[in-house]
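First the structure, in the form of structure tokens, and then the observations on it.
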Amino acid sequence: MSTFESTKKQTYTRLSWDEWYALAKEFYFLEHHLKIPVNYKTREGFLLGRWIERQRSAYHQKGVYKIDARKIYLLNQIGMMWTLGVRRTWETGYKYCEAYYLEFGNIDIPKNLIYKQMPLGEWLLYQRKCYRLNKISKWKCEKLENLGIKWQIRYRRHEREK
């Protein structure tokens, strides 16, 4: 019996932390991230996004809910991002991009890739958007091109078919 089946009849507040964790773990293995919108519900109607947000708040010691080291450890094992940091500086994003390149030899990554708790795939997607709109400096373009960025995603797909 899956976690979903065993918890269907329980309400939001009656799920144990471990049951919520199992839901988060299942989401992670399907989606490869825990960047879940606050209003996200599982197919059974569980408010998983709200629960994830509550864990982040507890981690940052906001509110009355507390989170212990065991729970932090378990959430880290499935890629929990404690700070979403959408507005990181360009230099920070580039440093993560460069580290990824040094580790893997390329920056040809999917948009949903999270590398060392940085949503690097989304960051690169945004750089491509800025490039298309001509809103990225020549200096930034050159730095990314030195790492082998491919500006056109369609080109990347076509290239893989060769």
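Numbering (our numbering), first residue to last: 118 to 279. A virtual CB, placed ideally from N, CA and C, is assigned to each residue, including glycine. Since we're looking at a predicted model, the values are computed, not measured.
Could you check the C-alpha separation between Asp185 and Glu262 for me, to the nearest Å?
43 angstroms
Of all the options Lys152, Ser174, Ala139 and Tyr138, which has the alpha carbon lying nearest to the alpha carbon of Asn229?
Lys152
Which class does Met157 belong to by DSSP, given the choice of helix, strand or coil?
Residue 157 is actually Tyr in this sequence, not Met. In this structure, Tyr157 counts as coil in the three-state DSSP scheme.
Quick check on the DSSP output: the alpha helix (DSSP H) that includes Tyr232 runs from which residue to which?
Segment: none, Tyr232 is in no alpha helix (DSSP H) and carries neither H nor E.
In this structure, does DSSP put Trp263 in helix, strand or coil?
Correcting the residue identity first, residue 263 is Asn in this sequence and not Trp. In the structure shown, Asn263 sits in a helix (DSSP, three-state: H, G or I).
Figure out for me which residue from Lys188, Gln269, Leu250 and Ile189 has the closest Cα to the Cα of Ile226.
Comparing Cα-Cα distances from Ile226 to each of Lys188, Gln269, Leu250 and Ile189, the minimum goes to Gln269.
With three or more beta-carbon pairs closer than 8 angstroms as the criterion, would you say the segment 233-242 touches the segment 210-223?
yes
Expressed to the nearest angstrom, what Euclidean distance is found between the alpha-carbon atoms of Arg245 and Ala216?
19 angstroms
Helix, strand or coil for Lys183? Go by DSSP, reduced to three states.
DSSP places Lys183 in coil when its eight states are reduced to three.
Quick check: what's the CA-CA separation for Ala139 versus Gly166?
14 angstroms
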